[in-house]
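> One line per chain: the protein sequences are F and U, in this order. Straight run, no breaks: the first sequence in numbering that gives the first Met the number 0 ends on number 429. Straight run, no breaks: the second sequence in numbering that gives the first Met the number 0 ends on number 526.
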Amino acid sequence: MRKCNDEGCTEYNEMSRRQFVTWSAGAAFLATVVPPWLPKIVLAESFVANRDVIISIFMRGGADGLSLCAPFYDIEYYNGRPTIAIPRPDSSAATKGIALDDKFMFPQPMASLVEPFTAKDLLLIHGTGSIDTTRSHFDAQRFMEVGKPRDPSVITGWLGRHLASSTPVRTNAPLRALGIANGLAQTLVGAPQTLPIPNPASFALGGSATTRQARMDWLESDYLNTPDPVKSAAVDAAATVDLLKVINFTGYAPANGAVYPTTSFGSSLRSAAALIKADVGVEAVQVDIGGWDTHSAQDPLAGSMATTMSQFSTALGALYMDLVAGAQTQNVTVVVVSEFGRNVRENGSKGTDHGRGNVMFVMGKNVAGGRVMTQNFASLARENLESGQDLKVTIDHRDVLAEVVKNRLNNAALSFVFPDFVPTIRGVTR
Amino acid sequence: MNMPVETELSPDDSPVVKAQPIGPPTRVGPRSNRRNFFIAGAAAAAASASAFAIITDKSPRNPVGDPGTTAPSSIPGLNDTEAWGSSELRLARHITNGLTPEEAFLARTKGFKGYLEYHLNPDAIDNVSVEAFVATTYPQLALQGTDLYALDSGLLQRQLQEATLFRAAFSKRQLYERMVEFWSDHFNIAIAETGYLKMIDDRDVIRKNALGSFPDMLRASAHSAAMLLYLNNNTSRYPKVNENYARELMELHTLGVDGGYTQTDVSEVARCLSGWTIKNKGDFNFDPTGHDFGAKTFLGNTIPAAPGTGAAAVGEGDKVLNVLAAHPSTAKFIAKKMIMWLLQYDPPQTLIDQVAAAYLSTSGNIPAMIRVILTPANIVAAPSKHKRPFHFVASALRGLNPTVKGVAAIAGTRLALLGHQSFFWKTPDGYPDKVQFWSGLVMQRWGFGDYLASLSTGDIVVDPTPFMTVNTSDGVAASINVAMFGGEMPARTSDALKTYLAGGTLNAARVRETLALAINSSTFQWY
């Protein structure tokens with residue numbers, strides 16, 4: 000049995016405990032300060048954080064970047080959206096936006112992200128996206144996730160290839176990455192020791208405790224005879240049971256008074272934070288948030304998009320307080336993408352149809368944040384738009400991801416992570 | 000889809016099941032067949048770990064790259080399926096939600112062609128007891144829009160999900176139910192966004208046409224209130240048309256994303272369909288005041304400007320549907336997708352062409368296409384597929400053959416834990432049918448096997464005693480082989496089950512655990 004009793008797994012626990020103590024208050028408080036959700040074994044070992052843990056968030060459905068980060072300076076924005084535009088920050092409307100600079104604003108449902116922006120830990124990049132012009136959700140998501148459009152031979156995800164081409168942070172880590180979802184996102188396909196785990200708090204075999212180990216061993220042995228990817232999933236799952244059972248997710252206490260919303264997305268980020276702080280060798284977490292396909296009744300101030308934005312920003316804001324704000328040193332970088340933006344002009348259903356250029360978010364202590372990065376971001380007049388309808392893509396989303404991979408994930412194999420692509424380094428990281 | 004899953008599997012002990020003398024075995028199938036069963040005695044070879052190409056997959060026929068399913072002549076689960084000698088039973092695995100002794104008997108006695116034809120004529124299959132159960136337990140399924148509208152949407156959702164699972168597991172019309180599932184994903188509609196209208200769509204679009212004519216189903220879908228609402232065509236009005244339905248109509252329902260249409264075609268088709276909306280509670284309505292009467296061109300077809308034609312302009316949308324239904328790209332797209340569902344992940348181009356030709360020559364007759372797909376040669380050559388969670392759950396129910404009063408807990412909580420509640424996929428592409436999407440959920444599957452085999456009271460009662468008629472390790476393993484594997488359980492699985500049975504006191508609790516292991520075994524995940 001390769002269980003938690005052997006060297007590897009004990010090692011993770013030891014490091015976690017020690018590291019937490021180092022972060023918090025020092026060994027003197029050991030007996031009383033260490034929270035009960037952390038693994039229980041203590042032993043000193045150095046922790047070398049030569050790279051960040053990455054939390055990759057995909058907004059499924061084509062999030063409307065012109066509501067998430069709206070160009071209030073541009074009259075064309077208001078002309079194109081007579082019923083769904085966000086009032087200017089200098090207006091007297093109760094629903095007015097929150098200025099980020101002299102051009103862009105957050106709508107009020109995004110208010111939870113003002114603090115990370117002001118603290119220069121949150122960077123927005125506008126006019127990003129894929130170089131491919133598809134307006135199909137499914138093609139666009141696939142092209143973004145595999146990191147190369149229109150090449151059916153690329154079958155793995157960019158984050159999967161990053162993990163496949165980098166040494167594990169923890170030797171023999173049973174779980175290097177997870178998607179908090181019911182299926183494995185394309186972004187992570189190809190990653191070793193990676194599973195979709197919808198709820199890390201309940202990852203174990205049921206039934207009689209007396210026979211549980213014997214049944215687990217039976218299954219693990221049985222699946223050695225089945226082909227991949229089923230076999231490797233079973234092997235990883237068996238090892239992950241031991242990894243996760245020592246973490247008390249339910250009792251997890253976030254730092255800095257952070258309160259995660261009890262939404263699906265909020266719970267996912269809370270679990271991600273608990274896993275990262277437990278320091279068990281998880282290097283990447285993929286989380287999806289859906290509900291962005293706002294073809295009708297979008298209303299970013301009171302409609303469906305306001306709700307979705309609020310779920311997004313409050314959860315991400317809590318993660319910021321928990322892992323990044325103040326003196327936190329969790330070495331985390333968060334990237335947020337969506338498959339495309341939406342049409343500059345609203346449709347007849349007070350919604351927006353599929354578009355092109357969009358906004359991305361990158362958050363972390365070593366992100367060159369506090370600004371909205373753009374490249375030739377023109378007025379939204381029809382003559383400046385792609386197909387006369389959509390914000391142009393002026394920054395390839397892979398430029399942003401590649402810089403994070405290189406500088407924050409310490410992986411120089413960019414031509415492997417993003418095949419046939421030479422990124423422009425734009426100063427996303429500090 | 001992907002709703003927040005608040006329910007947690009309890010790691011606590013399940014109630015101890017006491018071995019008790021229970022009545023004679025009732026539904027473990029025709030005993031007379033047992034002598035026909037055999038277990039192939041081939042020794043299990045070492046696992047053939049398929050190479051997992053990191054970036055590129057050189058296989059030209061495998062554009063999306065399904066690791067482990069690329070070699071046409073090698074079979075995933077090679078060791079697992081080497082015992083699968085009978086082409087009839089291979090067919091039965093593909094066109095049912097899981098082998099039972101009854102299906103194995105039918106397949107063997109009717110022969111390949113006879114068995115397929117039997118399932119291609121579902122109306123001729125006696126299904127009275129199942130239909131009676133559904134009609135009694137889920138009476139809302141028969142209601143029309145106005146009556147449905149008055150009812151609680153949560154109730155309706157549960158009724159439809161439970162009826163869907165019950166039929167998938169227990170209906171005698173198994174191929175029909177497999178095709179219902181296929182078309183429910185093809186014309187996916189999220190029930191959370193459409194409520195009672197999905198009830199009507201399920202009955203009058205999907206189930207009505209699942210083994211009928213594809214163009215008929217396409218037209219029914221285009222007139223379905225649930226679809227019009229789900230993809231926003233109900234609010235697509237001149238001059239600001241909504242492209243959502245028009246795009247998915249071509250990308251997902253007919254031509255396929257590479258089927259040769261442009262963004263301009265999307266806009267033009269949306270204009271043709273402007274004014275297609277809903278009236279009353281679930282009825283189709285064409286509203287000329289919302290229609291764009293200007294000239295249009297789509298896919299090389301021209302529709303002249305027709306101001307003043309009024310209600311007759313509904314014919315523009317009809318023309319769109321006719322053009323799409325007759326389009327060669329649609330034939331290819333539907334052919335490939337049906338092959339991928341019924342036969343293998345990675346279809347040979349020659350077969351796609353044959354099935355597409357059958358589509359075109361029969362105006363999209365679904366059984367005609369199935370006859371081309373499911374031949375003995377194709378079945379024997381096809382690599383196995385991995386069961387999706389819904390399929391896995393239905394096959395486990397079929398294999399254990401429990402006493403069933405209802406399936407609420409499985410259709411709801413349990414399938415939610417497995418990420419596969421019916422009609423919960425939010426986006427119009429439907430639940431994926433890819434092994435790499437689902438294979439990671441192995442722990443969740445194992446949890447389900449434990450749960451199901453442990454049920455001893457309530458809506459579902461699993462009785463271990465029929466498996467203990469010959470109460471030895473060999474006897475129990477042989478009963479499991481008959482009940483769940485059509486007599487073709489691989490020797491390594493059988494041996495491992497016997498070892499587990501012999502590892503403790505042979506009582507009902509041990510047998511229940513062994514049933515869970517059989518459900519959770521790697522062999523049982525493939526078909």
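For every residue, glycine included, the Cβ atom is placed at its ideal position computed from N, Cα and C.
(1) Return the CA-CA distance between P418(F) and G146(F), expressed in angstroms with no decimal places.
(2) For A528(U), which residues in the same chain have their Cβ closer than 6 Å to its Cβ, ignoring the five residues on either side in sequence?
(3) Tell me, please, whether the region 349-366 of chain F touches the region 287-301 of chain F by the rule of three or more beta-carbon pairs shorter than 8 Å.
(4) From R202(U) to L142(U), what does the alpha carbon distance come to, in whole angstroms?
(5) Counting beta carbon pairs with one atom in the region 348-356 of chain U and one in the region 96-105 of chain U, are three or more of them shorter than 8 Å?
(6) If A190(F) and R169(F) are in contact, beta carbons under 8 Å, what's the gap, nearest whole angstrom?
(7) If you run the structure through DSSP and keep just helix, strand and coil, what is R429(F)?
(8) Could you please give the first and the last residue of the uninterrupted beta strand (DSSP E) stretch that includes L121(F)?
(9) Taking CB distances under 8 Å as the criterion, tell me whether D138(F) reaches chain U.
(10) In whole angstroms, what separates the C-alpha of A205(U) from that of I188(U)?
(11) Among K331(U), S328(U) and L159(U), which residue has its Cα nearest to the Cα of A407(U)?
(12) Based on Cα-Cα distance, which residue from P431(U), T412(U) and L399(U) lies nearest to V481(U)?
(13) Taking three-plus beta-carbon pairs below 8 Å as touching, is the region 153-161 of chain F in contact with the region 280-296 of chain U?
(14) Quick test of your reading: R341(F) and L65(F), contact by CB under 8 Å. State the CB separation rounded to the nearest angstrom.
(15) Under a three-way DSSP split, which group does D203(U) fall into?
(16) Would you say N409(F) faces chain U, with C-beta separation under 8 Å as the test?
(17) Would you kindly work out how many angstroms separate the C-alpha atoms of P108(F) and A301(F), rounded to a whole number?
(18) So, is P66(U) buried or exposed, given that buried needs 16 or more other C-beta atoms within 10 angstroms?
(19) Determine the extent of the alpha helix (DSSP H) in which P86(F) is found, giving its start and end residues.
(20) Of all Cβ atoms in chain F, is any one closer than 8 Å to the Cβ of T349(U)?
(21) On the DSSP letters alone, give me the boundaries of the beta strand (DSSP E) that V284(F) sits inside.
(22) Nearest to Q374(F) by alpha carbon, out of V331(F), L123(F) and V52(F)?
(23) In chain U, what lies closer than 8 Å to D352(F) by C-beta?
(24) Let me check understanding here. Comparing Cα to Cα, which of R246(U), T412(U), Q139(U) and K336(U) lies closest to D264(U)?
(25) Cβ of V343(F) within 8 Å of Cβ of G61(F)?
(26) Of all the residues that make up the region 410-443 of chain U, which are near chain F by a beta-carbon distance shorter than 8 Å?
(27) Taking the alpha carbon of Q139(U) as the reference point, which residue from A103(U), Y195(U) and A395(U) has its own alpha carbon closest?
(28) Span of the beta strand (DSSP E) holding R397(U)?
(29) Let me know the secondary structure DSSP gives W291(F) once reduced to three states.
(30) Between the region 122-141 of chain F and the region 393-409 of chain F, can you find at least three pairs of beta-carbon atoms closer than 8 Å?
(31) Name, please, each residue of chain U whose Cβ falls closer than 7 Å to the Cβ of W217(F).
(32) Quick one: what's got a C-beta closer than 7 Å to I196(F)'s C-beta in the same chain, skipping five residues either side?
(33) For P366(U), report the span of its alpha helix (DSSP H) as first-last.
(34) What residue does the beta strand (DSSP E) around M362(F) start on, and which one ends it?
(35) Quick check: what's the CA-CA separation for A224(U) versus L230(U)?
(36) Got a sec? Which residues, its chain only, sit under 6 Å from G485(U) by beta carbon, not counting five neighbours each side?
Inspection of the coordinates gives the following:
(1) Cα to Cα, the separation comes out at about 8 Å.
(2) Because chain U is modelled from 0 through 526, residue 528(U) falls outside the range shown and cannot be assessed.
(3) These segments touch.
(4) Those two C-alpha atoms are separated by around 10 Å.
(5) Segments in contact, no.
(6) Cβ atoms of A190(F) and R169(F) stay farther apart than 8 Å, at about 15 Å.
(7) Coil at R429(F), not helix or strand.
(8) That run of the beta strand (DSSP E) goes L121 to G128.
(9) Chain U has a Cβ within less than 8 Å of the Cβ of D138(F).
(10) One point to set straight first is that residue 205(U) is Ile, not Ala, in the sequence displayed. Annotation: I205(U) to I188(U) spans about 11 Å, alpha carbon to alpha carbon.
(11) Checking every option, the nearest Cα to that of A407(U) belongs to L159(U).
(12) The residue with the shortest Cα to Cα distance from V481(U) is L399(U).
(13) With the cut-off at 8 Å, the region 153-161 of chain F and the region 280-296 of chain U do not touch.
(14) Confirmed, about 7 Å.
(15) Here D203(U) sits in helix by DSSP.
(16) By this cut-off, N409(F) is not an interface position.
(17) Cα-Cα distance, rounded: 9 Å.
(18) Its pLDDT being 34, under 50, P66(U) is placed unreliably by the model, and the measurement read from it follows with that caveat. By the neighbour-count rule (16 or more Cβ atoms within 10 Å), P66(U) is buried.
(19) It is not in any alpha helix (DSSP H) - P86(F) carries neither H nor E in the DSSP assignment.
(20) No - not a single Cβ of chain F is within 8 Å of the one on T349(U).
(21) V284(F) -> beta strand (DSSP E) spans A283 to I288.
(22) Per the Cα distances, L123(F).
(23) Within chain U, the residues near D352(F) are N241, E242 and N243.
(24) From the listed residues R246(U), T412(U), Q139(U) and K336(U), the smallest Cα separation to D264(U) is found for R246(U).
(25) No; because the gap between Cβ atoms is not below 8 Å, this pair is not in contact.
(26) For the region 410-443 of chain U, which is checked against every Cβ of chain F, the residues closer than 8 Å are L416, L417, G418, H419, K425, T426, D428, P431, V434, Q435, F436, W437, S438, G439, L440, V441, M442 and Q443.
(27) Looking only at A103(U), Y195(U) and A395(U), the smallest Cα-Cα distance to Q139(U) is reached by Y195(U).
(28) First-last for R397(U): P388 to L399, but that is the alpha helix (DSSP H), not the beta strand (DSSP E).
(29) In this structure, W291(F) counts as coil in the three-state DSSP scheme.
(30) Judged by pairs of C-beta atoms under 8 Å, the region 393-409 of chain F touches the region 122-141 of chain F, as three or more such pairs exist.
(31) Going along chain U in sequence order, the residues near W217(F) (Cβ under 7 Å) are A495, Y499 and L516.
(32) Same-chain partners within the cutoff: L177, I179 and F202.
(33) Per DSSP, P366(U) belongs to the alpha helix (DSSP H) from I365 to I372.
(34) Run containing M362(F): N357 to G363, per the beta strand (DSSP E) assignment.
(35) Cα-Cα distance, rounded: 10 Å.
(36) Cβ neighbours of G485(U) beyond the five flanking positions: L88, L98 and A103.
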